[in-house]
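Residues in the sequence shown are numbered from 2 upward in steps of one, following my numbering.
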Amino acid sequence: WGGYLSISLFLLYRYFRNIFAVLFNIKNNKTVAYLNARLVLTNERHYPFSFLKYIFVNSDEFEKGKIEDEILSHELTHVNQKHSFDILFIELLLIFTWINPILFLYRRAIQLNHEFLADESVIRGSGKTLEYQYLLVAKSDHNCKPALSSTFNFLPIKKRIIMMNKNYSPRIAIIKKIVVVPII
């Protein structure tokens with residue numbers, strides 16, 4: 002019990018430290034209204050990322066117009082669909098159930114699903130699938146991000162591109178569901 006409690010307390014400390022770091026970043030940087038969100042203009046070099054109703058961008062890149070509209074649209078989707086609440090919830094759940102390795106897989110799946118949803122929104126809005134995929138590849142280096150944020154640069158770029166190229170057929174989806182029911 003001592004080991005479990007020690008690790009849980011450490012994870013709880015890390016959880017709140019990350020939240021306070023983001024809040025500190027919001028408080029100490031200039032914010033600008035942007036559609037349904039607020040842009041936080043930071044001096045740090047990083048890809049845009051979102052947390053709650055805030056999108057964090059590098060101020061120099063934003064002022065020079067170097068941040069692509071697709072990236073801002075992607076982050077705005079995270080804000081509008083309130084993906085931060087899912088991340089906060091799963092992280093809070095992991096604090097007390099960290100011993101269950103399945104939850105780490107769920108966390109990864111939730112993050113990937115958020116990226117699929119944001120990618121779908123960008124493609125629906127612009128209609129430029131191929132250009133967006135090239136942008137993903139161009140921006141896919143391993144730049145770090147805060148732990149509790151949604152970010153444009155999420156590692157499984159290949160999975161995201163595969164998902165963008167899938168053709169969906171309602172008929173096939175229904176057939177798959179019918180086949181799965183007897184198996185279950």
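Note that CB positions come from ideal geometry on N, CA and C, so glycine has one too.
Notebook entry, point to check: If you drop the 5 nearest sequence neighbours on each side, which residues of the same chain put their C-beta closer than 8 Å to that of residue 104?
Noted result: Leaving aside the five residues that flank residue 104 on each side, the residues in its chain whose CB is nearer than 8 Å to its CB run, in chain order, 91, 94, 95, 98.
Notebook entry, point to check: Should residue 77 be labelled buried (16 or more other beta-carbon atoms within 10 Å of its own) or exposed?
Noted result: Label assigned to residue 77: buried.
Next item on the list: Within the same chain, show all residues whose beta-carbon is closer than 8 Å to that of residue 13, passing over the 5 residues directly before and after it, in chain order.
Entry: Counting only Cβ-Cβ distances below 8 Å, and skipping sequence neighbours, we find 96.
Check: For residue 139, which beta-bridge partners are listed by DSSP?
Finding: Its beta-bridge partners do not exist; DSSP assigns none.
Note to self: Within the continuous alpha helix (DSSP H) that includes residue 199, where are the two ends?
What the structure shows: Any question about residue 199 goes unanswered here, given that the chain covers just 2 to 185.
Next item on the list: Could you tell me if residue 7 is buried or exposed, where buried requires 16 or more neighbouring beta carbons within 10 angstroms of its beta carbon?
Entry: Counting Cβ neighbours within 10 Å, residue 7 comes out exposed, since fewer than 16 surround it.
Next item on the list: Buried or exposed for residue 133, please, with buried defined as at least 16 other CB atoms from any protein chain shown within 10 angstroms of its CB.
Entry: By the 10 Å Cβ count, residue 133 comes out buried.
Notebook entry, point to check: In three-state DSSP terms, what is residue 93?
Noted result: In this structure, residue 93 counts as helix in the three-state DSSP scheme.
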